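2 protein chains.
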Amino acid sequence: MENERITKQIAFIREIDGLKHVLRQAYLMNGERRENDAEHTWHIAVMALLLQEHAADAALDLKKTVHMLLVHDLVEIDAGDTFAYDVQGHADKWEREVAAAKRIFGLLPEDQRDAWMALWLEFEEGRTPEAKYALAMDRLHPVLHNFYTEGKAWRAHGVRAEAVRKRMAIVAEAAPGLESFVHSLLEEAVAKGYLLP
Amino acid sequence: MENERITKQIAFIREIDGLKHVLRQAYLMNGERRENDAEHTWHIAVMALLLQEHAADAALDLKKTVHMLLVHDLVEIDAGDTFAYDVQGHADKWEREVAAAKRIFGLLPEDQRDAWMALWLEFEEGRTPEAKYALAMDRLHPVLHNFYTEGKAWRAHGVRAEAVRKRMAIVAEAAPGLESFVHSLLEEAVAKGYLLP
Chain U
1 MENERITKQI
11 AFIREIDGLK
21 HVLRQAYLMN
31 GERRENDAEH
41 TWHIAVMALL
51 LQEHAADAAL
61 DLKKTVHMLL
71 VHDLVEIDAG
81 DTFAYDVQGH
91 ADKWEREVAA
101 AKRIFGLLPE
111 DQRDAWMALW
121 LEFEEGRTPE
131 AKYALAMDRL
141 HPVLHNFYTE
151 GKAWRAHGVR
161 AEAVRKRMAI
171 VAEAAPGLES
181 FVHSLLEEAV
191 AKGYLLP
Chain G
1 MENERITKQI
11 AFIREIDGLK
21 HVLRQAYLMN
31 GERRENDAEH
41 TWHIAVMALL
51 LQEHAADAAL
61 DLKKTVHMLL
71 VHDLVEIDAG
81 DTFAYDVQGH
91 ADKWEREVAA
101 AKRIFGLLPE
111 DQRDAWMALW
121 LEFEEGRTPE
131 AKYALAMDRL
141 HPVLHNFYTE
151 GKAWRAHGVR
161 AEAVRKRMAI
171 VAEAAPGLES
181 FVHSLLEEAV
191 AKGYLLP
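Residue numbers (full-length UniProt numbering), protein chains in the order written: chain U, 1 to 197; chain G, 1 to 197.
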């Protein structure tokens, strides 16, 4: 029984190595190459720990938030990364991601499968303070990458400031302490031509 | 004041992007390319969450462990990755890493600088249950990568089973539930020629 649990846990560890192959649209901050989901996930988990003081909910369960972030993109191993501003790609995104979650979390021992699947769903539903703050980190991160690469992915896709501001609403809600920083950053990005007005 | 804190926190977030450029000796599990520190760090943070039931200390502070893991390799942005079995590279490793920790954590607001630096030191000293369990994850991870790539990095460096077993002592101590799994894995690695006997 113990061995069966370990076998399943190790199979999961092996499987999720695939996250390192899922490329995002954002470039590394030196512009050298596109970032992958594993790198992105590590970075936003650190951000969640670092920026907690700016969160709306001071009683936030940070361990839960970090756990959520560390596994939130695993579905993209099967479903791929859908660019935030790609309307068509979003049409069947949910179906693809649910199937992926069932397969990937399904590798775990039953109790962990259920708990981790629930955590992923909580993130996707975005209703709890933890899910909202986690989403704020997930949304803020590519904005930083774009800003520091002079809008490399924004420019490649002709992204407009209005669309980015809409996605930043969750930062204002879940991490209000960062709102004016984000506002200034986007103003500067437009002024410098990184982002379409 | 608030703005100065955010400026420092964002500078830190930007700086640590460099972890994605620090290459390790281990290959991704499909053998395609070498892994970088950001990917490795993400992976072991998930492992820590997943394998907690095998830890020696059931009362382990998992949030602290994960925080520790997420930042433990940041010093390698300046100091580089030292291969586990490279005796020469280890000679001045400590000095290089302390200087790196001072510079990188020094970007943070003072309270966070002190807290995060302390967490890094706690990991390096390896005395608390959290530090021991974190180290066990950090040591187990490349063994899995080596096993699933048929010993790619082990063979490249002529690593012997004895040296790996010595490094696995911390797994037996801090995550005894995994000891027999690791023992079997190494036996199999030797039998299959992935690792020198």
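From the three backbone atoms N, C-alpha and C, an ideal C-beta is built for every residue, glycine too.
Quantities reported herein were computed from a predicted structural model and do not represent experimental measurements.
* **Contact with chain U by Lys64 (chain G), beta-carbon distance below 7 Å** => no
* Asked: Skipping 5 residues on each side, what residues in its chain have a beta carbon closer than 7 Å to that of Arg24 (chain G)?
  -> Only Arg34, Glu35, Asn36, Asp37, His40, Asp81 meet the Cβ criterion.
* To do: Taking all protein chains shown into account, decide if Ala156 (chain G) is buried (16 or more other Cβ within 10 angstroms of its Cβ) or exposed.
  => exposed
* Closer than 9 Å at the beta carbon, the chain G residues around Met47 (chain U) -> Gln9, Ile13
* Terminal residues of the continuous alpha helix (DSSP H) containing Arg103 (chain G)? -> 93-105
* Run down chain G in chain order and give the residues with a C-beta less than 8 Å from the C-beta of Trp42 (chain U). => The answer, in chain order, is Leu19, Ala38, Glu39, Thr41, Trp42, Ala45, Leu70.
* To do: Please classify Tyr148 (chain G): does DSSP put it in a helix, a strand, or coil?
  => helix
* To do: Would you decide whether His67 (chain G) is buried or exposed? Buried here means 16 or more other CB atoms lie within 10 Å of its CB.
  => buried
* **Neighbour list for Gln112 (chain U) in chain G, Cβ cutoff strictly below 8 Å** => Leu50
* For Glu33 (chain G), name the three-state secondary structure that DSSP assigns. => Before going on, a small fix: residue 33 (chain G) reads as Arg here, not Glu. Three-state result, Arg33 (chain G): coil.
* If you compare alpha carbons, which of U:Glu188, U:Val71, U:His90, U:Arg14 is closest to Asn146 (chain U)? -> U:Glu188
* Please confirm if Met168 (chain U) has its CB atom under 7 Å from at least one CB of chain G. => no
* Asked: Using a beta-carbon distance cut-off of less than 7 Å, what residues from the region 127-142 of chain G approach chain U?
  -> none
* Asked: Any C-beta of chain G sitting closer than 7 Å to the C-beta of residue 249 (chain U)?
  -> What the structure shows of chain U is the stretch from 1 to 197, and residue 249 (chain U) is not part of that stretch, so it cannot be assessed.
* Tell me where the beta strand (DSSP E) around Arg165 (chain U) begins and ends. => Per DSSP, Arg165 (chain U) belongs to no beta strand (DSSP E); it is in the alpha helix (DSSP H), 161-167.
* What residue does the alpha helix (DSSP H) around Gln88 (chain U) start on, and which one ends it? -> Careful: Gln88 (chain U) lies outside any alpha helix (DSSP H) and carries neither H nor E.
* Selection from G:Trp42, G:Val182, G:Asp86, G:Ala191 that minimises the alpha carbon distance to Thr7 (chain U) -> G:Val182
* Sequence-distant residues of its chain with Cβ nearer than 6 Å to Met1 (chain U) (five each side left out) -> Reliability fails at Met1 (chain U), whose pLDDT of 46 lies under 50, so the model's placement of it is uncertain and no value is given.
* List the endpoints of the continuous beta strand (DSSP E) containing Leu23 (chain G). => Where Leu23 (chain G) is concerned, the enclosing beta strand (DSSP E) stretches over 23-27.
* To do: Could you check if Val71 (chain G) is buried or exposed, using at least 16 other CB atoms within 10 Å of its CB as the buried criterion?
  => buried
* Residues of the region 172-183 of chain U with Cβ closer than 9 Å to any Cβ of chain G, in chain order -> Gly177, Leu178, Ser180, Phe181
* **Contacts that His67 (chain G) makes with chain U (C-beta to C-beta distance below 7 Å)** => Leu49
* Using 10 angstroms around the beta-carbon of Trp94 (chain G), count the other beta-carbons present and answer buried if the total reaches 16, otherwise exposed. => exposed
* Which value, in whole angstroms, describes the spacing of the CA atoms of Leu60 (chain U) and Leu186 (chain U)? -> Between Leu60 (chain U) and Leu186 (chain U), the C-alpha separation is close to 27 Å.
* For Met117 (chain U), go through chain G and note every residue whose CB falls closer than 9 Å to its CB, in chain order. => None at all; the shortest Cβ gap to chain G is about 14 Å.
* To do: Flag Met1 (chain G) as yes if its beta-carbon sits less than 7 Å from any beta-carbon of chain U, otherwise no.
  => Note that Met1 (chain G) scores a pLDDT of 46, beneath 50, so its modelled location is shaky and nothing firm can be said.
* To do: Please confirm whether Ala174 (chain U) and Thr65 (chain U) have their CB atoms less than 7 Å apart.
  => no
* Taking Cβ positions, are Ala45 (chain G) and Leu28 (chain G) nearer each other than 7 Å? -> No; because the gap between Cβ atoms is not below 7 Å, this pair is not in contact.
* Asked: Given that a residue counts as buried once 16 or more other Cβ atoms are within 10 Å of its Cβ, and exposed if not, what is Leu108 (chain G)?
  -> buried
* Is the CB-CB distance between Ala161 (chain U) and Val143 (chain U) below 7 Å? -> Their beta carbons are not under 7 Å apart, which means Ala161 (chain U) does not touch Val143 (chain U) by this criterion.
* Quick one: is Leu19 (chain G) buried, meaning 16 or more other Cβ sit within 10 Å of its Cβ, or exposed? -> buried
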